[in-house]
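K.L.:
Numbering that gives the first Met the number 0 puts the first residue of the sequence shown at 0, with every later residue one more than the last.
All C-beta atoms in this analysis are idealised placements derived from N, C-alpha and C, irrespective of residue type, glycine included.
Every value quoted in this text rests on a predicted model; they were computed, and no experiment measured them.
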Amino acid sequence: MHINKSKDLFAKAQHFIPGGVNSPVRAFRAVGGEPIFIKKADGAFIYDEDDNAYIELINSWGPMILGHNHPLIREAVIKAMEHGTSFGAPTSREVEIAELITHMVPSIEKVRMVNSGTEATMSAIRLARGYTGRDKFIKFEGHYHGHGDSFLIAAGSGVATMGYPDSPGVTKGTAKDTLLAPHNNIEAVKELVENNKGEIAAIILEPVAGNMGCVLPREGFLKALRELCDQEGIVLIFDEVMSGFRLAKGGAQEHFGVTPDLTTLGKIIGGGMPVGAYGGKKEIMDFVSPAGPVYQAGTLSGNPIAMAAGLAMLTHLNETPSVYSDLNRIGNKLVGGFQQSLKKLGLNYTINHLGSMYTLFFTYNEVYDFDSAKNSDTVLFGKYFQAMLQKGIYLAPSQYESLFLSTALSDKDIEKIIEANEASLIEVFT
Ligand code: PLP
Numbered sequence: 000m001h002i003n004k005s006k007d008l009f010a011k012a013q014h015f016i017p018g019g020v021n022s023p024v025r026a027f028r029a030v031g032g033e034p035i036f037i038k039k040a041d042g043a044f045i046y047d048e049d050d051n052a053y054i055e056l057i058n059s060w061g062p063m064i065l066g067h068n069h070p071l072i073r074e075a076v077i078k079a080m081e082h083g084t085s086f087g088a089p090t091s092r093e094v095e096i097a098e099l100i101t102h103m104v105p106s107i108e109k110v111r112m113v114n115s116g117t118e119a120t121m122s123a124i125r126l127a128r129g130y131t132g133r134d135k136f137i138k139f140e141g142h143y144h145g146h147g148d149s150f151l152i153a154a155g156s157g158v159a160t161m162g163y164p165d166s167p168g169v170t171k172g173t174a175k176d177t178l179l180a181p182h183n184n185i186e187a188v189k190e191l192v193e194n195n196k197g198e199i200a201a202i203i204l205e206p207v208a209g210n211m212g213c214v215l216p217r218e219g220f221l222k223a224l225r226e227l228c229d230q231e232g233i234v235l236i237f238d239e240v241m242s243g244f245r246l247a248k249g250g251a252q253e254h255f256g257v258t259p260d261l262t263t264l265g266k267i268i269g270g271g272m273p274v275g276a277y278g279g280k281k282e283i284m285d286f287v288s289p290a291g292p293v294y295q296a297g298t299l300s301g302n303p304i305a306m307a308a309g310l311a312m313l314t315h316l317n318e319t320p321s322v323y324s325d326l327n328r329i330g331n332k333l334v335g336g337f338q339q340s341l342k343k344l345g346l347n348y349t350i351n352h353l354g355s356m357y358t359l360f361f362t363y364n365e366v367y368d369f370d371s372a373k374n375s376d377t378v379l380f381g382k383y384f385q386a387m388l389q390k391g392i393y394l395a396p397s398q399y400e401s402l403f404l405s406t407a408l409s410d411k412d413i414e415k416i417i418e419a420n421e422a423s424l425i426e427v428f429t
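1) Suppose you measure from the CA of residue 177 to the CA of residue 259; what does that come to, to the nearest Å?
2) Which partner residues does residue 139 have in the DSSP bridge list?
3) Within its chain, find whatever has a CB closer than 7 angstroms to the CB of residue 332; leave out the 5 residues flanking it on each side and keep chain order.
4) Below 8 angstroms on the Cβ atoms is my guess for residue 301 versus residue 269; work out the distance and round it to an integer in Å.
5) Using only CA atoms, which one of 14, 62 and 291 lies nearest to residue 402?
6) Tell me whether residue 262, by its Cβ, gets closer than 7 angstroms to a heavy atom of the ligand PLP.
7) Considering only heavy atoms of the ligand PLP, list every residue whose Cβ is less than 5 angstroms from one of them, following chain order.
8) Do residue 152 and residue 165 have their beta-carbon atoms positioned less than 8 angstroms apart in this structure?
9) From residue 360 to residue 349, what does the alpha carbon distance come to, in whole angstroms?
10) Based on Cα-Cα distance, which residue from 318, 427, 74 and 396 lies nearest to residue 29?
11) Can you give, in chain order, each stretch of the beta strand (DSSP E) that sits fully within the segment 336-416 and has at least 3 residues?
12) Would you check if the distance between the CB atom of residue 357 and the CB atom of residue 213 is smaller than 8 angstroms?
13) Please classify residue 255 as buried or exposed, where buried requires at least 16 other C-beta atoms within 10 Å of its C-beta.
14) Touching or not, the segment 231-251 and the segment 200-216, by the rule of three or more beta carbon pairs under 8 angstroms?
15) Looking at the structure shown, is residue 1 part of a helix, part of a strand, or coil, going by DSSP?
16) In chain order, what residues of the same chain lie with their CB nearer than 6 angstroms to the CB of residue 139, ignoring the 5 residues before and after it?
17) With DSSP as the reference, label residue 31 as helix, strand or coil.
18) For residue 219, count neighbouring Cβ atoms within 10 angstroms of its own Cβ and tell me buried if that reaches 16, exposed if not.
19) CA-CA distance, residue 169 and residue 128?
20) Taking the alpha-carbon positions, what's the residue 125 to residue 293 distance?
21) Between the C-alpha atoms of residue 155 and residue 377, what's the straight-line distance to the nearest angstrom?
22) Quick check on the burial criterion: 16 or more other C-beta atoms within 10 angstroms. Buried or exposed for residue 10?
23) Is residue 169 helix, strand or coil by DSSP?
24) Could you check where the beta strand (DSSP E) with residue 208 kicks off and where it finishes?
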């Protein structure tokens, strides 16, 4: 396999774009080698500039739950384009998608559309602060909530991949209001709340973390957070930018039966277009401008093309429950195959998995928080990543990411991935 055109493009890109990419993990620094440049994608496959085909297990970092270039989304976008690309004024589609979201995620009584997951989480924290009149919030180590200043402290995803504890440029003044707890440790959270009594506006978390690899909540953890927030008047925010519309129609909150006050959404909600949203209890959402005093706005928010894509995606998910049973079947088959290979090869590596999210961690330990995720051998992961790429399987270029499966994966694709996984593990260890 040669990637000459990608190499040339990357060399040129580095002259004009910092690091040659528009989002850090895309540069492949954590796995070595050079990034491949993508020309097109269709179904379960992406194709690079040198016309190599790869089976996709990232799916644009989550949004493409039905696979790439799905006809429903493509046609909705083309149809919407015929009427113009942006109006900066209300449209019927915004009302329709808001109603649909409140139906699919019942804890959301009102919702505001924004342009990214980052905007959604920044706005939700501002809202929680405005609503409670308190300044501090708790986030968990290894969770990633986008690149808003107050979240770039012990953050997961690209921040963890690059090995930055915090980002320069975030002021001490900002950082002091972000309190950090270890994931799955309710006692540590209680202690933080006790030591900052009456000062905490919100607890924000990924209910299923995907940004330190896939890490599930321990039994009772989400429920205990809910109870604590109720006792202390703290706004509980589930960041479901990854898990929303993926783990179930109503996201992780439906799967685990725990209801947050606010939810942040992104990725799938835009069908591949730049969209995010935050929503929740009416009483809190009515603090958002112009209903209330907490300011938040956007020139392109509710953009008609993005709304058309999102609406086509959500309508399909709402009307097709088999999407979720299919994703569960695909996830179980794939992870089952990986587990068989690991057993056969005498490797005791940890696989965390729920539905269509999974991570194969290069550690024998249980992975339940950021520290245990960091036990993984990232050098071995890098070799495994490259071996998979050579076999036509495109993984997230970092150990600290979840993989996202799509309904476009056929049984034949899954068999191919399982075979490539086993062959790559053998290669890594010989
Ligand atoms: N929250 C979570 C849980 C995410 O996974 C991400 C991105 O991966 C974000 C927020 C930020 O979303 P965006 O990259 O659209 O700004």
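P.N.:
Per the coordinate set shown:
1) Locating residue 177 in the sequence shown gives position 178, where the first residue counts as 1. Locating residue 259 in the sequence shown gives position 260, where the first residue counts as 1. So the two alpha carbons sit approximately 19 angstroms from each other.
2) One-based indexing of the sequence shown puts residue 139 at position 140. Answer is 180, bridged to residue 139.
3) Counted from its first residue, the sequence shown places residue 332 at position 333. Here the set comprises 413.
4) The residue labelled residue 301 in the question sits at position 302 within the sequence shown. The residue labelled residue 269 in the question sits at position 270 within the sequence shown. Rounded, the Cβ-Cβ distance is 11 angstroms, inconsistent with contact.
5) On the sequence shown, residue 402 is found 403 positions in, with the first residue counted as 1. Restricting attention to 14, 62 and 291, the CA atom closest to the CA of residue 402 is found in 62.
6) Against the sequence shown, residue 262 aligns to sequence position 263. False, no ligand heavy atom lies under 7 angstroms from that Cβ.
7) Working through the chain, the matches are 115, 116, 117, 144, 145, 205, 238, 240, 241 and 265.
8) Counting from one through the sequence shown, the residue named residue 165 turns up at place 166. Counting from one through the sequence shown, the residue named residue 152 turns up at place 153. Cβ distance < 8 angstroms, so residue 165 and residue 152 count as in contact.
9) Within the sequence shown, numbered from 1, the residue matching residue 360 stands at position 361. Within the sequence shown, numbered from 1, the residue matching residue 349 stands at position 350. Distance between the alpha carbons of residue 360 and residue 349: 5 angstroms.
10) Along the sequence shown, read from residue 1 onward, the residue named residue 29 stands at position 30. When C-alpha distances from residue 29 are compared across 318, 427, 74 and 396, the shortest belongs to 396.
11) Runs of the beta strand (DSSP E) lying entirely within the segment 336-416, each at least 3 residues long, are 349-353 and 356-360 in chain order.
12) For the purposes of this step, residue 357 is taken as residue 358 along the sequence shown, with counting starting at 1. For the purposes of this step, residue 213 is taken as residue 214 along the sequence shown, with counting starting at 1. The beta carbons of residue 357 and residue 213 sit closer together than 8 angstroms.
13) Counted from its first residue, the sequence shown places residue 255 at position 256. Buried is the label assigned to residue 255, since at least 16 other Cβ atoms lie within 10 Å of its Cβ.
14) Output reads yes: the segment 200-216 touches the segment 231-251.
15) Residue 1 sits at position 2 when you count from the first residue of the sequence shown. Coil.
16) As a first step, residue 139 is located in the sequence shown; it is residue number 140 there, counting from the start. 180, 182 and 204, listed in sequence order.
17) To locate residue 31, count along the sequence shown from 1; it is residue 32. In the three-state scheme derived from DSSP, where H, G and I count as helix and E and B as strand, residue 31 is classed as coil.
18) Here residue 219 refers to the residue found at position 220 when the sequence shown is read from its first residue. Counting of Cβ neighbours within 10 angstroms places residue 219 among the exposed residues, the total staying below 16.
19) Stepping through the sequence shown from its first residue, residue 169 is reached at position 170. Stepping through the sequence shown from its first residue, residue 128 is reached at position 129. Separation of residue 169 and residue 128 (C-alpha to C-alpha, rounded to the nearest whole angstrom) is 19 angstroms.
20) Stepping through the sequence shown from its first residue, residue 125 is reached at position 126. Stepping through the sequence shown from its first residue, residue 293 is reached at position 294. Cα to Cα, the separation comes out at about 7 angstroms.
21) Working through the sequence shown from its first residue, we reach residue 155 at position 156. Working through the sequence shown from its first residue, we reach residue 377 at position 378. Roughly 15 angstroms between the two C-alpha positions.
22) Start at 1 with the first residue of the sequence shown, and residue 10 comes out as number 11. Residue environment analysis places residue 10 among the exposed positions, since fewer than 16 neighbouring C-beta atoms fall within 10 angstroms of its C-beta.
23) Position 170 of the sequence shown holds residue 169. Looking at residue 169 - three-state DSSP - the assignment turns out to be coil, as it is neither helix nor strand.
24) Position 209 of the sequence shown, counted from the first residue, corresponds to residue 208. Secondary structure note for residue 208: it is in no beta strand (DSSP E), with a DSSP letter that is neither H nor E.
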